[in-house]
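So for the sequence shown, our numbering puts the first residue at 1446; every next one is plus one.
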Amino acid sequence: MRELVVLGTASQVPTRTRNHNGYFLRWDGEGLLFDPGEGTQRQMIHAGVAASRVTRICLTHVHGDHCFGLPGVLSRIALDGVGHPVHLHYPASGEQVVRALVSVSSPGVDLRLHPHSGAGPIADGLEIRPLRHRLETYGYRLTEPDGRTFVPDRLRAAGIEGPDVGRLLREGSVGSAALEAMSVPRPGQRFAFIMDTAPCPGAEELAEGADLLVTESTFSDDDGGLARQYLHLTAGQAGELAASGRARILVLTHFSSRYGDDVSLLAEQAQARAPETVVIAARDLQAIAVPRRRKDARRAPGGTTAIGLTHDGSS
């Protein structure tokens, strides 16, 4: 299961229909909670996201609309008796704020603090890049390792079936049959999360090749002056980011309250800059599936259907 659950889409000022930020990513056995603003615990209940599913919490920065829901979420994790560790990632310069938020949470959580500073990997498959905002801010990217996709015709011709298929993946060969000859490359999936920022190289790097790109779209193109003043993205700039990175799905969020309930204009402005990308203006409590792997990664040469396997050899 790889799915994004949008818990809130407001920026600094919530509205009657938009909660403050909050985004939960189901990614196989991991549950990553990004930027829990006020009210996130309640939104999780509405969305059917159990606190026990949270394994990591990732803060882009320590402005209140991106982190003031942290005490409530941690208190619910403690109340539910969650036994597994919860890893909290955040900019090192926000240490004082994070410590204060954690200190008012209910005790009993096996919380592991991971401050970071500078670009690079911070956990298995999870990396960060600096963004351009009014205080230290980072975006996140989750990357699945590249793998191999088996071609059934080749397996049948080599007489490989049943447990030997998994053995071939693990060991690299079975008899004279090599993994490379029986399969084709399969690029891993990518998820990118970009919040408060002006256009910058870090955002471009995060968006590159993303299957699902979540980015702020605080202002319309008509309010570009405000975006420059407060170091935010306009809808058109979000679209440009998706287009330059060849992102497949762009999820717009973090909307200014000045636009009311209807943000279709922002979606249109982003879509105009990214005609080959699916653009979604997120709604609170909306679930968005990570798209299936790119078609060219799921087909073998000559149009033969290929079979993707996981690292343990299961289909």
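Every residue gets a Cβ at the ideal spot worked out from N, C-alpha and C, and that includes glycine.
Keep in mind the model is a prediction, meaning the values are calculated, not measured.
From this set, the options, which residue's C-alpha is nearest residue i's C-alpha?
i	options	result
Q1541	Q1674, L1558 and L1571	L1558
M1392	P1575, G1467 and R1471	Residue 1392 is absent from the structure shown; the chain starts at 1446 and stops at 1760.
G1528	G1514, D1555, C1503 and V1543	D1555
E1572	L1580, P1590 and H1578	P1590
I1639	R1544, T1460 and G1684	G1684
A1727	R1612, S1662 and G1539	S1662
R1461	G1669, G1453 and G1467	G1453
A1496	V1531, Q1457, P1630 and V1458	V1531
V1451	T1660, G1647 and G1526	T1660
V1518	G1669, Q1488, E1713 and G1539	Q1488
H1534	A1568, D1473 and G1514	A1568
I1714	A1734, D1706 and G1669	It is Gln, not Ile, that sits at residue 1714 in the sequence shown. The candidate whose alpha carbon is nearest that of Q1714 is G1669.
Do residue j and residue i come within 7 Å of each other at the CB atom, strictly closer than that value?
i	j	result
Q1682	P1644	yes
N1464	G1484	yes
G1570	L1587	yes
S1520	S1548	no
G1690	E1653	yes
E1448	A1732	yes
R1599	M1627	yes
A1688	A1719	yes
R1574	L1651	yes
V1507	L1478	no
L1676	R1738	no
Output the distance between the C-alpha atoms of residue i and residue j, rounded to the nearest integer angstrom.
i	j	result
L1671	A1637	25 Å
A1455	A1523	27 Å
I1490	H1561	30 Å
T1505	D1641	8 Å
G1509	P1516	12 Å
D1480	G1617	41 Å
R1635	L1658	8 Å
C1512	G1482	5 Å
S1665	S1701	9 Å
P1608	I1502	38 Å
P1736	I1694	8 Å
Y1468	L1730	9 Å
L1613	A1603	12 Å
F1711	V1696	Looking at the sequence shown, residue 1711 is not Phe but Leu. Straight-line Cα distance between these residues: approximately 11 Å.
I1752	P1646	Bear in mind that a pLDDT of 40 at I1752, under 50, signals an unreliable position, so the number given afterwards is only what the model happens to contain. Whole-angstrom Cα-Cα distance: 36 Å.
D1525	E1649	39 Å
Q1457	D1473	31 Å
R1673	G1514	27 Å
R1744	R1615	Residue placement at R1744 is flagged as unreliable, the pLDDT there being 34, under the threshold of 50; the coordinate-derived value follows with that caveat. Cα to Cα, R1744 sits roughly 22 Å from R1615.
R1703	L1678	15 Å
S1563	L1686	Here residue 1563 turns out to be Gly, not Ser, going by the sequence shown. Cα to Cα, G1563 sits roughly 21 Å from L1686.
H1699	N1466	7 Å
G1553	Q1486	17 Å
P1630	R1577	35 Å
D1706	P1459	11 Å
D1667	A1734	31 Å
Pop quiz: residue i and residue j are said to be a contact at Cβ under 8 Å. What is the actual Cβ separation, rounded to whole angstroms?
i	j	result
L1624	R1593	6 Å
Y1583	P1536	6 Å
V1708	Q1716	Between Q1716 and V1708 the Cβ distance is about 12 Å, and since that is not below 8 Å, they are no contact.
I1605	V1619	6 Å
A1655	A1692	4 Å
G1581	G1539	It is worth fixing the name first, because residue 1581 is Glu in this sequence and not Gly. Indeed they touch by this definition, with Cβ atoms about 7 Å apart.
* Asked: Along the chain, which unbroken stretches of the alpha helix (DSSP H) at least 4 residues long are found entirely within the stretch 1474 to 1548?
  -> Whole alpha helix (DSSP H) segments, 4+ residues: 1485 to 1492, 1515 to 1524 and 1540 to 1548.
* To do: Would you mind listing the beta strand (DSSP E) stretches within the stretch 1588 to 1639 that are 3+ residues and don't spill past its ends, in chain order?
  => Counting whole runs of 3 or more residues, the stretch 1588 to 1639 contains the beta strand (DSSP E) stretches 1592 to 1595, 1628 to 1631 and 1635 to 1639.
* Pick out the complete alpha helix (DSSP H) segments inside the stretch 1635 to 1670, 4 residues or longer, and give them in chain order. => Qualifying alpha helix (DSSP H) stretches, in chain order: 1646 to 1652.
* **Ordered list of beta strand (DSSP E) runs contained in the stretch 1660 to 1735, each at least 3 residues** => Listed in chain order, they are 1694 to 1698, 1723 to 1726 and 1732 to 1734.
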